[in-house]
Each structure stands twice: as C-alpha cells, then as structure tokens.
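Presented below is the structure to which this report refers.
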Ligand SMILES: Cc1ncc(COP(=O)(O)O)c(C=O)c1O
C-alpha cells in the first residue's frame, strides 16, 4: 500500500514529510536536504502576506511508509552495505528501462565518474560538455584531470544538439568523448548525437541525471549501446535519498563499470586490477530505490499533469522548454519557465517567493561559474547566457497537490495582473 508518512511528529532533518492533507497549508514544512538547496537563488523571504498564504516548496519527495518498511527490512536483515537489495534494484532498473546492464552507485556524480573512468578518460583529455548543466557534469571531468570543452545550448530545448557539437568538434578534433545532458528531464536528440559520435569515433556519455524514466522515440533512456547515467537524489523522479545508476547494453563495459565502483578490486580480495574508487551504495539506499521505482509511472504521470497545467494556464505570460516530437516522454525533473527578459524574470522570482512559491534559478551555465572561469578563463556561450537570464523554475514534485499547483498558477497570474 502506498501512503505518505504523516502525523504530528516533526520531520527529521533533511526529510520533509509529504502533505498531511489538513490545515491551511497542505505542503508540510521542511527542506529537501542540504544538497537540494544547492540550486542557485533559492528562497527564504518572509513577509506579512506570506504568513497567511500557502507555502509551496520547490520539490517535495513522496517518501513514506513503503520506504520505511523497506529500510526496516534491511536493518533487520543483518546486511546493510551493498548486497542483495542493490542487486535486486539493478534487476528492476533493467526491467524498467530495458537496458541489458544496470550498475547502481551512491549518487549521480559517482555514476559520471565511474562512466568516465570506464571510458578511459584521464589527465589531459578534452571532453565535450554542455555549458548549460548542473555543475557535476563538468566537475566530474575536471576531477579526472581532463578538461571540459564547453558546448553552447540549443535555445529551444536547452540541450546540445548535433549542430552545436559539430561546431565545437571542428575546433577540438582531439576530443576524447562527448557528454550530452537531458536538461530538466527532456531527452536529447539521441539518434543525431549518436550519429555525430560514431562519425568521429567518440564515445557518447548521456548524463540523464535529471531524466530517469524518459523516452526517446518511444524507447526508454538507458536502453542504448552508449552509456547513460541517472541520479536518484531526493529531488529526482525516483529517489534513493542519494543514489544513482549507470545503464548500457554494451557487454564489454559492464565488468569494468562494476570494478571501478569498488576500488577496481578483482576476484581476489585486496587485489586491485583497475583504477577505481568507492562508489558503492548501501542496501538501505537501494531498498528505498526499489520502493520508489514501483511508483515511478505514477510520479511521471503527476509531473506530466503539473507541466501541462502550467503550460496551458500560464502560456499567455511565460514561454517554456520546447518538447520536440522525438522526446516522447519528458519526465520534468525541473519545470523551467521563461520570462521575456532578465528584469521581468527577477521581479517574478521575487514576487513568487514573497507569496509562498519556492523557486530556483537553475543554473548559471558552467562558463559563468567562478571556479571554471578562474581555472579555464573566459568562454563564449551566448545562447546559454540568454537562456539562463530568462529562466525561473517553478515547483514540481512527487508529492505536489492540485491545491499547490493552483496556488503557483494563481500567484503567477496575479503578478502579471500587477497585483501587490
Ligand atoms: C545534470 C546532472 N548531472 C549530474 C548530477 C549529479 O547527481 P547527484 O546529485 O546525484 O550526484 C546532477 C544532479 O542533480 C545533475 O542535475
């Protein structure tokens, strides 16, 4: 039975409860977790008006009794580290997406690192990375001593496409790999990107950290010959609280992906046959992942409903990420709305937060991140600059109620009517 953990007990830190279904604000107080607050901007403003208004959080996970039961079972089993539950989750993930191989890890960043190491990326290598992404896509490349070569985004989808990648490859013919990102849960044009990768004899790594359960031309992400990674962080479509997975249909990569996950240790204990690190999940995390995965389709349907309502009811005021025909199942980890310009976006963002709607401004592109600029200097990516300047991301999440959605729509509408 699926139900939310509710009641009067206060939520443990970093573990907000799902809506309790009573009282004036049905979205329970709490914060996702420290990591979930990493979005740029965020919001903590308080004022008189807001005190009387509903508070809608940017993303509230639906974690409750199913997960508590699953965790309890693991705690009582005597096997807490990576073990049978992780194996079961790997089998269930493969069944869900159709991918031949699934390797579960302790977070999405580890999935990226494991995949990059497995693909042979190391010191001095150049790797194409979209500039319009969360920092982990680029920092995992940097962590291995390689250099991210930034690719500007398509202004309609915010993803990189074949045109953008070819332009950069022409200037960096020695690049060793192409990383694409399914921004906010919108699948990239995979056939086209795979075509470019094959033409240049380069591996394609798909960072689908934000796009679990997504489909490209009716086929689930992960069920490909290239390597795909997912994040199961707490704000994602399916969560292990912190967790991730790597999927591929390639038999020749899977042993190495598994070795790299666990210090490169071979069959003999303490004998390390590959370079690797500790990317292992615990069975506690994997048990949560199993419970969540069973509800994935319900979560995606809810996210789809929220996105459609926003687009239908706010389309007169805001623009949205374009969903091309090939993206047959976007999974809306983040809902990105675009104002006319930065000035309007900033005013809208402030208004929303002052009226109980928690937002994020995701995210300054990599070429604008202070660390990247210090280390690699200035890079021109004008389309990502123009896109980021207009974006505000509205609340979306697995525990969002119709009332929450209605409140967000109402506040945006009031802003555009010039209400105080
Ligand atoms: C595009 C992208 N890549 C990688 C990651 C890293 O995943 P994690 O937070 O699970 O380490 C994220 C996290 O949100 C992401 O959005």
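In the working numbering, the protein residues as written are 4 to 423.
Glycine included, C-beta positions come from ideal geometry on N, C-alpha and C.
Asked: Assigned secondary structure, residue 243 (DSSP; H/G/I helix, E/B strand, else coil); Found: coil
Asked: The beta strand (DSSP E) enclosing residue 338, as first and last residue numbers; Found: 338 to 341
Asked: Own chain, CB closer than 6 Å to residue 93, minus 5 neighbours either side, in chain order; Found: 105, 107
Asked: Three-pair Cβ contact test at 8 Å for the region 294 to 307 versus the region 394 to 409; Found: yes
Asked: Meets three-Cβ-pair contact criterion under 8 Å: the region 140 to 153 and the region 191 to 202; Found: no
Asked: Buried/exposed call for residue 213, threshold 16 Cβ in 10 Å; Found: buried
Asked: Expected contact under 8 Å - CB spacing of residue 111 and residue 233 to nearest Å; Found: 7 Å
Asked: DSSP three-state assignment for residue 356, whether helix, strand or coil; Found: helix
Asked: Opening and closing residue of the beta strand (DSSP E) in which residue 193 lies; Found: Here residue 193 belongs to no beta strand (DSSP E); instead the alpha helix (DSSP H) covers 193 to 202.
Asked: First through last residue of the beta strand (DSSP E) which encompasses residue 232; Found: 230 to 234
Asked: Ranges of the alpha helix (DSSP H) found wholly within the region 368 to 404, counting only runs of at least 4; Found: 373 to 379, 385 to 393
Asked: Chain-order list of residues whose beta-carbon lies under 8 Å from that of residue 59 (same chain, five-residue window excluded); Found: 30, 359, 360, 361, 398, 403, 407, 410, 411
Asked: Heavy atom of ligand 1 within 7 Å of residue 111 beta-carbon; Found: yes
Asked: Distance, residue 259 Cα to residue 170 Cα; Found: 32 Å
Asked: Per-residue DSSP class, three states only, for residue 282; Found: coil
Asked: Under the three-state DSSP convention, the category residue 327 falls into; Found: coil
Asked: Near ligand 1: residue 424 beta-carbon under 7 Å from a heavy atom; Found: No information on residue 424 is available, as it lies outside the stretch 4 to 423 that the chain covers here.
Asked: Beta-carbon spacing of residue 341, residue 322 below 8 Å; Found: yes
Asked: C-alpha gap between residue 83 and residue 74, whole angstroms; Found: 10 Å
Asked: Sub-8 Å separation of residue 229 and residue 209 beta-carbons; Found: yes
Asked: Exposure of residue 415, with buried meaning 16 or more beta-carbon neighbours within 10 Å; Found: buried
Asked: In DSSP terms, what residue 322 is bridged to; Found: 341
Asked: Residue 87 - DSSP class collapsed to helix/strand/coil; Found: helix
Asked: Inter-residue spacing [alpha-carbon to alpha-carbon] between residue 263 and residue 256; Found: 11 Å
Asked: Local conformation of residue 177 per DSSP, three classes; Found: coil
Asked: Cβ neighbours of residue 48 in the same chain (closer than 6 Å, five flanking residues each side left out); Found: Unreliable positioning characterises residue 48 in this predicted model, as indicated by a pLDDT of 38, which lies under 50. A coordinate reading is not provided.
Asked: Paired residues, beta bridge with residue 142 - DSSP; Found: Answer is none; residue 142 lacks a bridge partner.
Asked: Chain D contact for residue 108 (CB, 8 Å cutoff); Found: The chain inventory of the structure shown lacks chain D, comprising one protein chain alone.
Asked: Beta strand (DSSP E) runs wholly inside the region 112 to 163, at least 3 long, in chain order; Found: 129 to 133, 150 to 154
Asked: Reduced DSSP secondary structure (H/G/I, E/B, other) of residue 65; Found: coil
Asked: Anticipated Cβ contact below 8 Å, residue 240 with residue 334, distance rounded; Found: 5 Å
Asked: Local Cβ density within 10 Å of residue 344, reported as buried at 16 or more and exposed below that; Found: exposed
Asked: Distance between residue 65 and residue 155 (C-alpha atoms, nearest Å); Found: 35 Å
Asked: Check: residue 370 C-beta below 7 Å from any heavy atom of ligand 1; Found: no
Asked: Cβ contact check for the region 287 to 300 and the region 264 to 274: 3 or more pairs under 8 Å; Found: no
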